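Undergrad: Chains F and C, in that order, are what the protein sequence lines are. Using this note's numbering, read the first sequence as starting at 32 and increasing by one per residue. Using this note's numbering, read the second sequence as starting at 1026 and increasing by one per residue.
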Amino acid sequence: MDASNYLYISALLFTIGAVGVVVRRNAIVVFMCIELMLNAANLSFVTFSRINGDLNGQIMAFFTMVVAACEVVVGLAIIVTIYRSRRSASVDDASLLKR
Amino acid sequence: MLQLALEVGQTAKPEAVMFWILGPLAVVASLAMLLVKKAVHSAILMAFVMVILAIFYIAQDAAFLGIVQIVVYTGAVMMLFLFILMLVGVDSSDSLTETIRGLRPIAITAAVGFGGLMVSLLGQATIGRSAVGLSGANAEGNVQGIAKLLFSTYVWPFEVVSALLITAALGAMVLAHHQRTTTRPTQRQLSIDRFRGDSLGTAAGLPGPGVYARHNAVDVPALLPDGTPAAASINASLEARGDMLDYKKFELSEINTKVEEEK
Chain F
32 MDASNYLYIS ALLFTIGAVG VVVRRNAIVV FMCIELMLNA ANLSFVTFSR
82 INGDLNGQIM AFFTMVVAAC EVVVGLAIIV TIYRSRRSAS VDDASLLKR
Chain C
1026 MLQLALEVGQ TAKPEAVMFW ILGPLAVVAS LAMLLVKKAV HSAILMAFVM
1076 VILAIFYIAQ DAAFLGIVQI VVYTGAVMML FLFILMLVGV DSSDSLTETI
1126 RGLRPIAITA AVGFGGLMVS LLGQATIGRS AVGLSGANAE GNVQGIAKLL
1176 FSTYVWPFEV VSALLITAAL GAMVLAHHQR TTTRPTQRQL SIDRFRGDSL
1226 GTAAGLPGPG VYARHNAVDV PALLPDGTPA AASINASLEA RGDMLDYKKF
1276 ELSEINTKVE EEK
């Protein structure tokens, strides 16, 4: 099987994640879609590592995972803080700067 | 299991079967993630996609990353997501109605364009080139190969990442820390507030849900003496989720309340 099939699926997952970030309103679901995009990028890294016969791609995917874990921790803390002050997890409600 | 997955990765045919079963499943699950209403369902579908990705990693001779993916993502990250979902609860932002007019068609058009561009680009870039495979790089084992790279070439980024992790943990603690600006109300103060408030309606506590003798469950509001439902008797999150039953079904007007005198 051609390894580039994984790249196609990675592109599809990335696109779906991007749509989710734009379309959904719940901050937590938006966040999950960002995670999906990061995972799609990781799949590309792993596939390229296999295509090139080189482990550097897997190292990059490993670092992406660590950074994604940090991002989740801080991002969810921000969501909780916003929820505490505004009683809502909707990304549309956080529009204080507009008015 | 792991050995089986590794064998799948090394032979062409079983890998193709696995790919054509799991690949569409991953795409469908991630699409469903956008389309389902409840955030908890999105989280479950997300975990499903991540497990499939872990299987893909293992099939592509990245056993270490596959295990890390399951431990870190489905284990830690998704649990964190679910935990925050429980904390934040459900509100109107779960609904799928679009608030910015025309956003959805634009987003879908842009996505189709972007996805088509990526796929055609990939088709141009990799056609006619076969994969080298990792059997050479993984000769001493995948974990050993990664460890060799991580602790030689990438040792400095590795250290920086540890600093990043500590910073993130501290940042989360600072953000989630909640300092009380007012003193905690005492039992006495709460009692005074209840009786000296605007109305005595809640002085004896909120009414319990359910209509005795007809439907005594938490998803049915209690009926007031005049037959109207008592909104305060239902948990607000049940109402937000739309899990409330129609109280009209249990209204007392349906049954004959006339008292007949026995002779």
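Glycine is no exception: its CB is placed at the ideal position from the N, C-alpha and C atoms. Keep in mind the model is a prediction, meaning the values are calculated, not measured.
Whose C-alpha, out of F:Ile82, F:Val77, F:Leu44, F:Arg55, is nearest the C-alpha of Lys1063 (chain C)?
TA: Answer by Cα proximity: F:Arg55.
Undergrad: Could you work out which residues of chain C lie near Leu127 (chain F), taking near to mean beta carbons separated by less than 8 Å?
TA: Those within 8 Å of Leu127 (chain F) in chain C number zero; the least Cβ separation is about 16 Å.
Undergrad: Mapping the DSSP letters down to three states, classify Ile113 (chain F) as helix, strand or coil.
TA: Helix.
Undergrad: Does the distance from the CB of Met1058 (chain C) to the CB of Met63 (chain F) come in under 8 Å?
TA: Going by C-beta atoms, Met1058 (chain C) is nearer than 8 Å to Met63 (chain F).
Undergrad: What is the DSSP secondary structure of Met1026 (chain C), counted as helix, strand or coil?
TA: Bear in mind that the predicted position of Met1026 (chain C) carries a pLDDT of just 49, short of 50, making it unreliable; the figure below should be weighed with that in mind. Coil, per DSSP.
Undergrad: Shorter than 8 Å from the beta carbon of Met34 (chain F) to some beta carbon of chain C?
TA: The sequence given here has Ala at residue 34 (chain F), not Met. Interface residue, yes.
Undergrad: What number of angstroms, rounded off, separates the C-alpha of Met1026 (chain C) from the C-alpha of Ile1080 (chain C)?
TA: Interpretation of Met1026 (chain C) is limited by its pLDDT of 49, a score under 50 that renders its predicted location unreliable; the figure taken from the coordinates is listed afterwards. Roughly 11 Å between the two C-alpha positions.
Undergrad: Excluding the 5 residues preceding and the 5 following Gly1222 (chain C) in the sequence, name in chain order all residues of the same chain whose CB lies nearer than 6 Å to its CB.
TA: Taken in chain order, the list of residues that qualify is empty.
Undergrad: With a cut-off of 8 Å on the beta carbons, I'd call Ala34 (chain F) and Gly48 (chain F) a contact; round off their distance for me.
TA: Ala34 (chain F) to Gly48 (chain F), Cβ: 22 Å. No contact.
Undergrad: When you compare only the Cα positions, how much space is there between Ile1259 (chain C) and Arg1213 (chain C)?
TA: Approximately 26 Å, taken between the alpha carbons.
Undergrad: Quick check on Ser1055 (chain C) - is its C-beta less than 8 Å from some C-beta in chain F?
TA: Closer than 8 Å: yes.
Undergrad: When Cβ atoms are compared, which residues of the stretch 1082-1099 of chain C fall closer than 8 Å to chain F?
TA: For the stretch 1082-1099 of chain C, which is checked against every Cβ of chain F, the residues closer than 8 Å are Tyr1082, Gln1085, Asp1086, Ala1087, Phe1089, Leu1090, Val1093, Gln1094, Val1097, Tyr1098.
Undergrad: Between which residues of its own chain and Ala1054 (chain C) is the CB-CB distance below 7 Å, once the five residues before and five after are set aside?
TA: These residues qualify, in order along the chain: Leu1070, Phe1073, Val1074.
Undergrad: Since I believe Val1052 (chain C) is in contact with Leu43 (chain F) (beta carbons under 8 Å), could you give me their beta-carbon distance rounded to a whole number of angstroms?
TA: 5 Å between Cβ atoms; contact.
Undergrad: Are the Cβ atoms of Leu1289 (chain C) and Val1065 (chain C) separated by less than 8 Å?
TA: Since the first residue of chain C shown is 1026 and the last is 1288, residue 1289 (chain C) is not available in this structure.
Undergrad: In whole angstroms, give me the CA-to-CA distance for Tyr1082 (chain C) and Ala1257 (chain C).
TA: Near 51 Å, if we compare the C-alpha coordinates of Ala1257 (chain C) and Tyr1082 (chain C).
Undergrad: Rounded to whole angstroms, what's the CA-CA distance from Leu1107 (chain C) to Ala1135 (chain C)? Just pull it up for me.
TA: Each residue's Cα considered, the two are about 30 Å apart.
Undergrad: How close, in whole Å, do the beta carbons of Ile1171 (chain C) and Leu86 (chain F) come, if the pair is a contact with beta carbons under 8 Å?
TA: About 6 Å; that satisfies the 8 Å criterion.
Undergrad: Which of helix, strand or coil does DSSP assign to Asn57 (chain F)?
TA: Looking at Asn57 (chain F) - three-state DSSP - the assignment turns out to be strand.
Undergrad: Is it buried or exposed for Arg81 (chain F), if we count other Cβ within 10 angstroms and need 16 for buried?
TA: Buried, because 16 or more other Cβ atoms sit within 10 Å of the Cβ of Arg81 (chain F).
Undergrad: Could you give the residue range of the alpha helix (DSSP H) that holds Val1065 (chain C)?
TA: Looking at the DSSP string, the run of the alpha helix (DSSP H) that includes Val1065 (chain C) is 1064-1084.
Undergrad: How many Å lie between Val1245 (chain C) and Gly1230 (chain C) at the Cα?
TA: Their Cα atoms are separated by approximately 18 Å.
Undergrad: So what does Pro1254 (chain C) bridge to, in DSSP terms?
TA: DSSP, once it has assigned bridges, lists C:Leu1248 as partnering Pro1254 (chain C).
Undergrad: Look at Gln1094 (chain C) and Leu1078 (chain C) and say whether their C-beta atoms are less than 8 Å apart.
TA: For Gln1094 (chain C) and Leu1078 (chain C), yes; Cβs fall inside 8 Å.
Undergrad: Who are the Cβ neighbours of Gly989 (chain C) in its own chain at under 6 Å, not counting the five residues just before and after it?
TA: The structure shown has nothing for residue 989 (chain C), since chain C only spans 1026 to 1288.
Undergrad: What is the DSSP secondary structure of Ser41 (chain F), reduced to helix, strand or coil?
TA: Reduced to three states, the DSSP call for Ser41 (chain F) is helix.
Undergrad: Report the neighbours of Arg1129 (chain C) on chain F: residues whose CB is nearer than 7 Å to its CB, in chain order.
TA: Simply Val54.
Undergrad: Kindly indicate which residue of F:Gly84, F:Ile109, F:Ser121, F:Lys129 has the alpha-carbon position closest to the one of Ala1156 (chain C).
TA: Checked all of F:Gly84, F:Ile109, F:Ser121, F:Lys129; the closest Cα to Ala1156 (chain C) is F:Gly84.
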